[in-house]
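Numbering (our numbering), first residue to last: 63 to 301.
From the three backbone atoms N, C-alpha and C, an ideal C-beta is built for every residue, glycine too.
Keep in mind the model is a prediction, meaning the values are calculated, not measured.
Here is the structure we will look at, set down as structure tokens.
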């Protein structure tokens with residue numbers, strides 16, 4: 063998978079050089095192309111913003127440098143073009159898995175008071191938000207999207223189970239995890255995890271996932287498939 067990230071702050075993405083994503087990029091399993099929008103400005107000072115028509119506080123990113131950058135990077139519109147915006151659809155697990163099926167994604171990071179609306183009219187396929195709050199720019203949302211989607215690219219994670227047994231994969235939050243030592247400051251690892259009975263372990267994990275989800279995110283329960291793990295009602299005997 064390839065990500066093209068358009069920004070006026072390319073140094074923001076140095077963090078992609080570390081951890082699992084950095085390893086995946088260095089091994090060629092993931093391609094991330096960071097594009098500096100300023101390089102496409104025809105202003106002698108490489109300016110990419112101006113005051114908004116109609117007045118108002120702040121500056122707006124100008125249309126021409128962004129359009130020129132997009133058309134240079136993706137001339138045939140092969141990528142799924144996304145603008146990271148507070149007014150976009152909220153990024154969730156369903157959207158992440160859908161985006162993971164794309165071969166190429168272009169991410170546009172806005173800054174200041176946003177971008178000229180004509181960029182969206184001319185070039186953008188969809189707008190995505192990472193939550194109901196406002197940040198100083200689109201760079202952090204772009205990193206969040208890349209991180210969440212890249213986990214579904216073959217070879218990025220060490221095990222396929224890492225994405226199949228985690229929060230939201232089945233509509234529930236993830237169950238508790240433990241590792242050595244068995245006892246720490248009086249707190250023990252649950253006995254069921256030490257017994258080696260795979261069926262019992264799976265059931266315990268599912269029950270814990272349901273319990274945690276009901277406590278912390280009851281709104282998720284309506285879509286989760288928990289029927290096989292709910293207590294069965296006793297059958298009524300006919301007289």
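Would you check if there are 3 or more beta carbon pairs closer than 8 Å linking the stretch 183-190 to the stretch 137-153? yes
Pick out whichever of 159, 277, 197 has its Cα sitting closest to the Cα of residue 173. 197
From residue 264 to residue 169, what distance separates their C-alpha atoms? 38 Å
Reference residue 256; option with closest CA among 159, 242, 268, 247: 242
Suppose the cutoff is 6 Å on Cβ atoms and the five residues either side in sequence are ignored; what does the same chain contact list for residue 208 look like? 65
Residues that residue 74 bridges to, as DSSP identifies them: The partner list for residue 74 (beta bridge, DSSP) is empty, contrary to what the question assumes.
If residue 122 and residue 70 are in contact, beta carbons under 8 Å, what's the gap, nearest whole angstrom? Actually they do not touch by this definition, with Cβ atoms about 13 Å apart.
Is it buried or exposed for residue 200, if we count other Cβ within 10 angstroms and need 16 for buried? buried
Whose C-beta lies closer than 8 Å to the C-beta of residue 63 among residues of the same chain, with five residues either side of it excluded? 92, 93, 162, 164, 165, 166, 167, 211, 212, 215
Could you name each continuous beta strand (DSSP E) segment of 3 residues or more that falls completely within the stretch 75-149, going from the start of the chain to the end? 93-98
With DSSP as the reference, please indicate the residues paired to residue 199 in a beta bridge. 173
Sorted by chain position, which residues of the same chain lie with C-beta nearer than 6 Å to residue 68's C-beta, five sequence neighbours on each side aside? 97, 99, 131, 170
Assign residue 238 to one of two classes, buried (16 or more other C-beta atoms within 10 Å of its C-beta) or exposed (fewer than that). exposed
Does the Cβ of residue 192 have 16 or more other Cβ atoms within 10 Å, making it buried, or fewer, making it exposed? buried
Report the rounded CA-to-CA distance for residue 72 versus residue 119, giving the unit in angstroms. 25 Å
Cα-Cα, which of 149, 175, 124, 288 is closest to residue 232? 288
Reference residue 62, options 206, 128, 155, closest by Cα: As shown, the chain starts at 63 and ends at 301. That puts residue 62 outside it, with no answer to give.
Can you tell me whether residue 183 is helix, strand or coil according to DSSP? helix
Return the CA-CA distance between residue 275 and residue 236, expressed in angstroms with no decimal places. 8 Å
Beta-ladder partner(s) of residue 168, from DSSP: 66, 143
Just to confirm, are residue 103 and residue 110 a CB contact at a threshold of 8 Å? yes
To the nearest angstrom, report how far apart residue 107 and residue 83 are at their CA atoms. 34 Å
Pull up the distance between the alpha-carbon of residue 271 and that of residue 261, whole angstroms please. 15 Å
For a quick check, are the C-beta atoms of residue 80 and residue 205 less than 8 Å apart? no
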